[in-house]
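Participant: My structure is below; once you've seen it, I'll send some questions.
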């Protein structure tokens, strides 16, 4: 089955909302092993919608529509499809009853145009709307399956999961299972990663290996197909092992993991606490960690030492260090990490100092960054980085680098 | 000019990301008065991309592509278009130099496939990439304008605004000017705002007034059309004044202002400094302020007092207060604000303490929040809030509330 998703709605073409429906349905279809080759967005215009449907009929045997099922004149998805397929629209009594009940329940007056929502394509399977009024529908004509879903994600998502997905599964003839896994990397660029595993990517089609880069990280999505879900997972394991042999040192997690969630998890496991001295990053490191529920077990706190005054008076960096080496320096990062650790009585102290831009500081170029890590009983490490990008990119990469560096040390000490 | 936006990338068809690029570009094109009739998403597949381009050529005279300009084999947008238009790809020396510099600066190894990014369509205007490696390009052939932009939003957005938009404006022949202005509100809900100005929204079509809610804020976008840009702006001024007479007390800024950028701006104007004691928010308040360039003038720093230990030992909240009133209490918020102000020698001290969830704390329900504000020479204020939403929503609304509260006090003291 090859699918195309057609979203109908001028609000999408005006940029008022993003087409998150297509994203959701694509994920769902990928899980069912149905290929999606095109997304199309078209406005509330019958002629252009008709053109979009005709194009889709040539290249897909499953066409899923979202939007345009409402009560107003703008809503013309089913009317257009009825016209194209030469099917009647008939009143669905159950849908009509549920619309009437909705108005009774919310004590609002039902206007005549609301009845329009209960019209469905003759012969279609009606998909119930448990969270709104307009029902969905699905039918197959001349080997093409058409599924019409409402536009509001709050109605569309449960309708698809509850009724649309089972309808499609009954249509699927094969029993192939699809399993996918995302490997998350830090500290390696997309092109270097691809170079390291180019032969693996080229040689194999099951699992497929798809790289994606963003926000200083790279991910590889492995997708395996097999009649048995267990066998598909085994295929994933084998490919993951082959990748890990080459670039395993850069892997930090799977699927929805983040560097921050992994760090919180690891610190909890090892029963260790952290405190941060944040100059460059202004509190973002602790803000990210404390965004995760349960962080109170492992985050002691921190000092946002944005000014030299606070570095000196609160975190006891000697004035001489600030005067000779500067705030953006290895000695300063070292002292900040050590002092914030003792100041907050934490097991691990981390410090971030650097030049976020737009202007150089202390004669040091934008992107100069020092990350200090102080752990009780170990020598303090200072990592010097030179990052590119704008202010926000530099700050984001800095805190991610800090997370990854602590994670590495925690793994080494296991 | 009628536009179609074609996004290229299998990650979109797999549902890994939503097509926010199409949303952004649609908004931008709407502002320029360019109609967008279709969005298309196609995978990293030359045959299907070619089909999509051919369909677009029949219905649009501006085709904007996003994605597929990177270094890997998957990236084939410009190659496919070059083939379709029978244009050569030529090495752009400036782009190549900037890629080489990027690798030099970040001390990473440049692999051969990175050079591919500097190839551009012969005769195209090259659009510089200030935030990444792959340049964009634009050219007009047979009355159709093709614009190729990179996929990562962080690169695509500034490239379009800086270089793509001016290119399109030079192509536009009509003389009607479109001016728009966004008014930003805090402390009033969308439905209340809409009720207050319902008659203004209904009665007028130039400017149009479009409300949008999100992240605890509401905005109104005013859009005016006129042959003269000056007259269009006058129309905006009049409508803005009418709105301000009703709900002006909730307006905090315009367009791309944020509560944080406004606070930094105001503090600079008044030459005042701020320091924060952050329990609930874990450093996010100072992180947001220091994300803005020039914050070093006004942010002294802060203490992330996530544990009671730090509240007591660093910020001198008496153990008795923590034992009887608790960390989430008015007295604690008051002392935290006062003490962080004196501790960091700032003009304004602000504190955030509360229950972010998922579980209640000290017998207080999730969403209980206290914001303390201490200003030299004034009595300390503590605002008690009861917020709804998940952990992140509560934290976000808390720091926004803090910003707005300080802004109000700064305005009052003018």
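Chains as they are written, first to last, in full-length UniProt numbering: chain A, 1 to 414; chain B, 1 to 414.
Just so you know, even glycine gets a beta-carbon here, dropped at the ideal spot from N, CA and C.
Computed from a predicted model, the values in this text were never measured in an experiment.
Select from the region 317-333 of chain B all residues with a C-beta closer than 8 Å to any C-beta belonging to chain A, and list them in chain order.
Facilitator: Those would be none; no residue qualifies.
Participant: Between the C-alpha atoms of residue 388 of chain B and residue 182 of chain A, what's the straight-line distance to the nearest angstrom?
Facilitator: Roughly 33 Å between the two C-alpha positions.
Participant: Could you tell me the alpha carbon to alpha carbon distance between residue 17 of chain A and residue 63 of chain A, rounded to whole angstroms?
Facilitator: Going from the Cα of residue 17 of chain A to the Cα of residue 63 of chain A covers about 22 Å.
Participant: Are three or more beta carbon pairs between the region 401-412 of chain A and the region 300-317 of chain B nearer than 8 Å?
Facilitator: No, the region 401-412 of chain A does not touch the region 300-317 of chain B.
Participant: With H, G and I counted as helix, E and B as strand and the rest as coil, what does DSSP make of residue 189 of chain B?
Facilitator: If DSSP states are grouped into helix, strand and coil, residue 189 of chain B belongs with coil.
Participant: What is the DSSP secondary structure of residue 374 of chain A, reduced to helix, strand or coil?
Facilitator: Residue state, collapsed to three classes: strand.
Participant: By DSSP's criteria, residue 250 of chain B is part of a beta bridge. Which residues make up the other side?
Facilitator: None, per the DSSP bridge assignment.
Participant: Would you kindly check if the distance between the Cβ of residue 267 of chain A and the Cβ of residue 310 of chain A is under 8 Å?
Facilitator: Not a contact, by the Cβ cut-off of 8 Å.
Participant: For residue 40 of chain A, return the contacting residues in chain B, with the cut-off set at a CB-CB distance below 9 Å.
Facilitator: Per Cβ cutoff of 9 Å: 38, 39, 40 and 41.
Participant: Residue 217 of chain A versus chain B: which residues are under 8 Å apart at the beta carbon?
Facilitator: What residue 217 of chain A touches in chain B: nothing, since even the nearest Cβ is about 12 Å away.
Participant: I'd like the list of long-range same chain contacts for residue 186 of chain B, defined as Cβ closer than 7 Å, with 5 residues on each side in sequence excluded.
Facilitator: Excluding positions up to five away in sequence, the list reads 217, 250, 252, 259, 400 and 404.
Participant: Which residues in chain B have a C-beta closer than 7 Å to the C-beta of residue 403 of chain A? List them in chain order.
Facilitator: Here the premise fails: no neighbours, minimum Cβ distance about 14 Å.
Participant: Please determine, among A:146, A:34 and A:150, the residue with the shortest C-alpha to C-alpha distance to residue 75 of chain A.
Facilitator: Of the listed residues, the one whose Cα sits closest to residue 75 of chain A is A:150.
Participant: Which residue comes first and which comes last in the alpha helix (DSSP H) that contains residue 284 of chain A?
Facilitator: 284-290 is the extent of the alpha helix (DSSP H) around residue 284 of chain A.
Participant: For the ligand COA, is there a heavy atom less than 7 Å away from the beta-carbon of residue 255 of chain A?
Facilitator: Ligands are entirely absent from the displayed structure, and the ligand COA is therefore not among its contents.
Participant: When you compare only the Cα positions, how much space is there between residue 201 of chain A and residue 119 of chain B?
Facilitator: Straight-line Cα distance between these residues: approximately 24 Å.
Participant: List, in order along the chain, the chain B residues whose C-beta lies closer than 9 Å to that of residue 246 of chain A?
Facilitator: Neighbours of residue 246 of chain A on chain B: none; closest Cβ ~15 Å, over 9 Å.
Participant: With a threshold of 8 Å between beta-carbons, can residue 131 of chain B be considered close to chain A, or not?
Facilitator: Chain A contact via Cβ: present.
Participant: Give the DSSP-derived three-state secondary structure of residue 308 of chain A in the structure shown.
Facilitator: If DSSP states are grouped into helix, strand and coil, residue 308 of chain A belongs with the helices.
Participant: For a cutoff of 8 Å on Cβ pairs, would you count residue 164 of chain A as touching chain B?
Facilitator: False, the Cβ-Cβ gap to chain B never drops below 8 Å.
Participant: What residues from chain B crowd round residue 370 of chain A, counting only those whose CB sits closer than 7 Å?
Facilitator: Result: empty, since nearest Cβ-Cβ is about 15 Å, beyond 7 Å.
Participant: Taking 8 Å as the threshold (beta carbon to beta carbon), is residue 256 of chain B in contact with chain A?
Facilitator: Chain A, which has no Cβ nearer than 8 Å to the Cβ of residue 256 of chain B, makes this no.
Participant: Hey, does residue 422 of chain B have any beta-carbon neighbour from chain A nearer than 8 Å?
Facilitator: Because chain B here runs from 1 to 414, residue 422 of chain B falls outside it and cannot be looked at.
Participant: For residue 61 of chain B, which three-state DSSP category applies?
Facilitator: Reduced to three states, the DSSP call for residue 61 of chain B is coil.
Participant: May I have the straight-line CA-CA distance separating residue 192 of chain B from residue 220 of chain B, to the nearest angstrom?
Facilitator: If you take the alpha carbons of residue 192 of chain B and residue 220 of chain B, they lie about 13 Å apart.
Participant: Mind checking the region 296-309 of chain A against chain B and listing, in chain order, the residues whose C-beta falls within less than 9 Å of any C-beta there?
Facilitator: Here the close residues are 296, 299, 300, 301, 302, 303, 304, 305, 306, 307 and 309.
Participant: With a threshold of 16 other CB atoms inside 10 Å of the CB of residue 133 of chain B, please say whether the residue is buried or exposed.
Facilitator: Residue 133 of chain B comes out buried.
Participant: Which stretch, first to last residue, makes up the alpha helix (DSSP H) that contains residue 402 of chain B?
Facilitator: Where residue 402 of chain B is concerned, the enclosing alpha helix (DSSP H) stretches over 391-412.
Participant: First and last residue of the beta strand (DSSP E) that includes residue 116 of chain A?
Facilitator: Here residue 116 of chain A belongs to no beta strand (DSSP E), and DSSP marks it neither H nor E.
Participant: First and last residue of the alpha helix (DSSP H) that includes residue 133 of chain B?
Facilitator: First-last for residue 133 of chain B: undefined, no H or E at that position.
Participant: Taking its Cβ as the centre, do 16 or more other Cβ atoms sit within 10 Å of residue 377 of chain B, making it buried, or is it exposed?
Facilitator: The residue is exposed, with fewer than 16 neighbouring Cβ atoms inside 10 Å.
Participant: For residue 300 of chain B, does the count of other Cβ atoms within 10 angstroms reach 16, so buried, or fall short, so exposed?
Facilitator: It counts as buried.
Participant: Check the DSSP bridge columns for residue 87 of chain B and list the partner residues they point to.
Facilitator: Answer is none; residue 87 of chain B lacks a bridge partner.
Participant: Between residue 282 of chain B and the rest of its own chain, which residues show a CB-CB distance below 7 Å, the 5 nearest in sequence each way excluded?
Facilitator: 304 and 306.
Participant: Nearest-angstrom Cα distance between residue 229 of chain A and residue 180 of chain A?
Facilitator: If you take the alpha carbons of residue 229 of chain A and residue 180 of chain A, they lie about 11 Å apart.
Participant: Closer than 8 Å is the cut-off here; do at least three beta carbon pairs connect the region 342-358 of chain A with the region 338-353 of chain B?
Facilitator: The region 342-358 of chain A, when compared against the region 338-353 of chain B, does not touch it at the 8 Å Cβ threshold.
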